[in-house]
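Working notes for the structure below.
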Amino acid sequence: MHGQDLFLGDGNVARHLREHTWAHSPLGRPETWPQPLRLIVRLMLASKFPMFVAWGPELGFLYNDAYAEILDRKHPAALGSRFQDIWREIWPDILPLVESAMAGQAIYREDLPLLMQRRGYDEETWFTFSYSPIHSDSGEIAGLFCVCTETTSRVLAERALSESETQFRLMADAVPQIVWITDTVGRVEFFNRHWYDYTGASVAETDAAAVAESHVHPDDRAATMAAFENARRTVTTFLVEHRILSAKGEYRWFLVRGEPDVDRATRSVTRWYGASVDIHDRKLAEEQLRTLNATLERRIEEALAERKLLADLVEGTDAFIQVAAPDYRWLAINKAAADEFERIFGKRPRVGVSMLELLADTPEHQAAVKAVWARALAGEQFTETGEFGDHNQARRFYEMKFNSLRDHAGNLIGAYQFVYDVTERIREQEKLRAAEEALRQSQKMEAMGQLTGGVAHDFNNLLTPIFGSLDMLQRRGLGNEREQRMIAGAMQSAERAKRSFRDCWHLPGASRFKRYRSIS
């Protein structure tokens, strides 16, 4: 059989075998190869599994396409070369195995580590393979046949997985909380060290139900299992709060959260990864906070009720109440005060507005307001009555009681005033003063009338005999003409005096004197 007939197929190795120059190969020309070698070569070239054969005293090397990928840069130079020359870097490791196979012993190795140089540098590799002795036509061992697979990727993956598992366990054990893993139905696969330290358990329970039965508070078990079953059914986060029994016999609250690991192809849960975080202190704090909130809410309600009552009183009173900050800005003002301010100044005050800025266009009113507030904002307590208001609006009299406003530390933070409109009271007082003055004047006139009436009465008594004497002299015609004229003049003077004193009887008090004299 010629080489062209032996190396059938369109593979890379078959093509190289057909084109190879065999003159310098320890295998010789293909047409001289014995039947066992030919059969194995034909078998290799038809297989997709990595295979090679080492034949003859010098172990000439032949292989298939799958093994060529393992050789990498050593292919195609390795075709027909000596086994030892091809794998010189690993020859000390495999020589004992080769010798055993050539001695008739079948060899099998799994994940054998070998340091190869397939790409020009040392490369750590692993192989699983078997060496089988090949007999010649005469029955002697003439070579070895190898079926192999490179397991480097798997070994490295397993090593990485092992390292990852070690790192995960170290990390999980370092976490001061409980970390756990279960399978899809809740069978326990892993608990970190904190679980055993906290619960005192020596072995992990088999499934979630057993864990709940042994360690979860009886009042929380049903809710825990219901939450887990719901998470399994809906493929959602498992989240629950429950109490776990400690090795000391005490229950503490934990927040349990588990996330499903979902297979992308089947959309089914393969595992649950979770953690149980101690929230006992938080639960106690929440309970204390609820109690505090209830107390605070009650106090707020009481304060609001008290404030509403106070607000109702402030808004319902007829007093004008204002509170101002040191910069003359209103901190508070009741409706009555706001209405009155607008009525007398024509401007509506609002909380946060400066009273000085509001009255900036009326300097005289601004100065009047500032004068009284400045004293109060300086800490003075006083009561003052004054007239305020725009002449074009309304001017009224007010009684103002000022007091300082201080914080709990006693610091001055403003001032407040209670104001009452006393205009009517002032006007009534003015009327009273006028009436009192009129009364005093009347009393003076009455006293003068009484005095004048008394004098007039006495003088009238003196005039009566004078009138009688003059009248008698006049009727008798005594004296000469000149004397008669003098008597007539005296009579006229006496008559005038009588009329004057008669007028005194009309003065206040004179009539009382007349009644008094008549009674006397």
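Sequence positions in the sequence shown follow our numbering and run 119 to 638.
Even for Gly, the Cβ is constructed at its ideal location relative to N, Cα and C.
Just so we're clear, the structure is a prediction, and the values are computed from it rather than from any experiment.
- Here E458 is buried: its Cβ has 16 or more other Cβ atoms, across all protein chains shown, within 10 Å.
- A check of alpha carbon separations from E228 across P251, T270 and L197 identifies T270 as the nearest.
- Its chain contains G304 and F346 as the residues whose beta carbon lies nearer than 6 Å to that of A326, once the 5 sequence neighbours on both sides are disregarded; these appear in chain order.
- Looking at the DSSP output, I299 bridges to F308 and Y391.
- In the displayed model, D539 falls within a strand according to three-state DSSP.
- About 12 Å separates the beta carbons of W298 and F286, which is beyond the 8 Å limit, so they are not a contact pair.
- Y534 and I418 have their alpha carbons spaced roughly 25 Å apart.
- The C-beta distance from V358 to V374 rounds to 5 Å, short enough to meet the 8 Å contact threshold.
- Each residue's CA atom was taken as its position, placing K453 and L495 some 22 Å apart.
- Proximity to I544 across E420, E517 and E554 peaks at E517, based on C-alpha coordinates.
- Y316 has its alpha-carbon roughly 57 Å from the corresponding atom of A186.
- Rounded to whole angstroms, A383 and M343 show a C-alpha spacing of 28 Å.
- For G146, same chain residues with a beta-carbon under 8 Å away, outside a window of 5 residues either side, are W140 in chain order.
- From the listed residues G376, T150, E176 and L180, the smallest Cα separation to V395 is found for G376.
- Runs of the beta strand (DSSP E) lying entirely within the region 445–485, each at least 3 residues long, are 448–451 in chain order.
- Closest in C-alpha terms to A606, from the list L588, K616, N598 and R614, comes L588.
- When DSSP assignments are scanned along the region 254–303, the uninterrupted stretches of alpha helix (DSSP H) that are 4 or more residues long and fall wholly within it turn out to be 270–292.
- The Cβ-Cβ distance between D508 and G470 does not fall below 9 Å.
- A check of alpha carbon separations from W244 across A221, G261 and E268 identifies E268 as the nearest.
- Between the region 334–342 and the region 361–375 there are three or more C-beta pairs closer than 8 Å, enough to call the two in contact.
- Straight across, the Cα-Cα distance linking D255 with L157 is about 12 Å.
- Beyond the five residues adjoining it in sequence on each side, G238 comes within less than 8 Å, by CB distance, of R191 in the same chain, given in chain order.
- If you draw a straight line from the Cα of H483 to the Cα of L477, it comes to about 7 Å.
- One alpha carbon belongs to Q499, the other to S522, and they sit about 7 Å apart.
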